[in-house]
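Taking it in order: structure first as C-alpha cells, then the write-up.
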Amino acid sequence: MKLKKKLVNMVGVGMLSVMASSTLFAQESLRVGMECNYYPFNYKDSSGELLGYDVDVAKGVTDIIGADVEFVCQEWNGMIPALLANKFDLIVASMSITESRAKKIDFSTPYRVSVGRLVGSKKIDVQLFDKDDKPIPENFKEVRIGVERASNYADYFKNVLPDANVVLYDGTETGYLDLVNGRVDMIITNPMKAHLKFLSKPDGAGFEFKSPAINDVEFFGPGVGIGMRKGQPELKAKVDAAIKTLINDGKLTAYALKTFPFPIHNEAWGEL
5 MKLKKKLVNM VGVGMLSVMA SSTLFAQESL RVGMECNYYP FNYKDSSGEL
55 LGYDVDVAKG VTDIIGADVE FVCQEWNGMI PALLANKFDL IVASMSITES
105 RAKKIDFSTP YRVSVGRLVG SKKIDVQLFD KDDKPIPENF KEVRIGVERA
155 SNYADYFKNV LPDANVVLYD GTETGYLDLV NGRVDMIITN PMKAHLKFLS
205 KPDGAGFEFK SPAINDVEFF GPGVGIGMRK GQPELKAKVD AAIKTLINDG
255 KLTAYALKTF PFPIHNEAWG EL
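Going by the working numbering, the sequence shown opens with residue 5, and the numbers climb by one from there.
Dropping the structure here:
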C-alpha cells in the first residue's frame with residue numbers, strides 16, 4: 005500500500021514538473037535586437053510601430069517556439085557586443101552569416117539571401133568591374149564610396165579592395181544623405197532596400213546601380229540568419245526548426261510579398 009502511494013506521489017510530482025516546465029516555456033519572453041531604422045526590413049512607421057520582414061520573422065519564430073517577443077532597438081555597430089552583454093537574446097537584423105561573426109556568436113538556418121550592390125550618380129562613368137564581374141582595384145581609387153561601419157560590406161572592402169577610397173558611416177541613412185549631397189560618389193548597400201527606398205523615389209531619380217550583385221560568400225556568407233550567444237544548443241534547434249516551418253508553410257514568402265514582388269529566401273533552406 006505504501007509502495008503504491010509512493011509511486012502515485014512520484015507520478016504526480018513528475019506530472020507537475022512537466023506541467024510547470026511547459027507553463028514556464030509558454031510564458032518565456034525572448035528579447036530580439038534590431039536597428040529599428042533599416043527599411044524595409046526593420047523600421048518604425050509614423051505611429052512608432054515596428055514593421056518589416058525581420059519583424060515578421062521574429063514574431064513568426066517566437067510564436068512557433070511558444071515565447072513572447074520583446075524588441076530592443078540597437079545601433080548596428082554595437083549589435084554583437086550588446087548580444088554578448090545579454091542586452092537581448094536574439095539578433096534578427098538582416099545580419100549576414102559570415103565566418104568572422106560565427107567565431108563570436110551562433111547563427112540559425114538562413115532566412116534571407118545576402119547580397120550588396122553599389123549605388124551612384126548616373127553622371128559617373130567609371131568601370132569598376134570587368135566582364136566577369138570581378139572588381140578592378142585601380143578604378144576604385146577614383147571614387148569615394150560610403151560603407152557602413154562593422155558591416156559585411158566593410159569587411160569586403162577591407163580585404164578585397166583595401167586601397168579603395170572608403171568613407172565609413174555608423175548607419176546607412178547618413179550614407180544616403182551624403183550620396184544625395186555629393187559628399188560621396190557611391191554607397192554599397194542592400195539592393196532590395198536601395199530600390200524600394202531610394203531608386204524608385206524622386207530623390208533617387210539621378211542615381212542607378214553601378215555594379216553587378218556582389219555576393220562573395222567569404223564576406224556575405226550563405227545568407228542572413230538569426231544570431232544568438234554560443235552554448236545554447238536547445239535554443240538554436242528551436243529557432244532552426246521554426247525557420248524551416250516558416251519556409252515550408254509559405255509564411256516567409258508571404259512576409260516578402262508584403263514588400264517585394266518575389267521571395268527573398270532559398271526554398272532549399274527548408275530541407276537543411
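We put the CB at the ideal spot given by N, CA and C, even for glycine.
| Check | Outcome |
| --- | --- |
| Minimum C-alpha distance to ILE191 - residue among PRO206, TYR42, GLY227 and ARG148 | ARG148 |
| Buried versus exposed call for GLU39 [16 or more other C-beta atoms within 10 Å across all chains shown] | buried |
| Whole-number beta carbon distance between VAL151 and TYR157, since they are thought to touch under 8 Å | 5 Å |
| Residue range of the beta strand (DSSP E) that includes THR102 | Counting along the chain, THR102 falls outside any beta strand (DSSP E), and DSSP gives it neither H nor E. |
| Beta-carbon spacing of ILE84, GLY225 below 8 Å | no |
| Spatial distance of ASP167 from ASN143 (CA atoms) | 10 Å |
| Beta-carbon contacts of ILE69 that lie in its chain and below 6 Å, excluding the five residues immediately before and after | LYS242 and ALA246 |
| Nearest to TRP80 (by Cα), restricted to the options ILE109, VAL59 and GLY37 | GLY37 |
| Status (buried if at least 16 other CB within 10 Å, exposed otherwise) for SER204 | exposed |
| Any 3 or more C-beta pairs closer than 8 Å across the segment 168-175 and the segment 84-93 | no |
| 8 Å Cβ cutoff met for LEU122 and LEU34 | no |
| C-alpha distance - LYS234 paired with GLU177, whole-angstrom precision | 31 Å |
| Cα-Cα separation, VAL188 to LYS127 | 13 Å |
| Where the beta strand (DSSP E) containing VAL228 begins and where it ends | Looking at the DSSP string, VAL228 is not in any beta strand (DSSP E), and its letter there is neither H nor E. |
| Test item: CB-CB of ARG116 and TYR160 under 8 Å | no |
| One or two residues paired with CYS77 in a DSSP bridge | MET38 |
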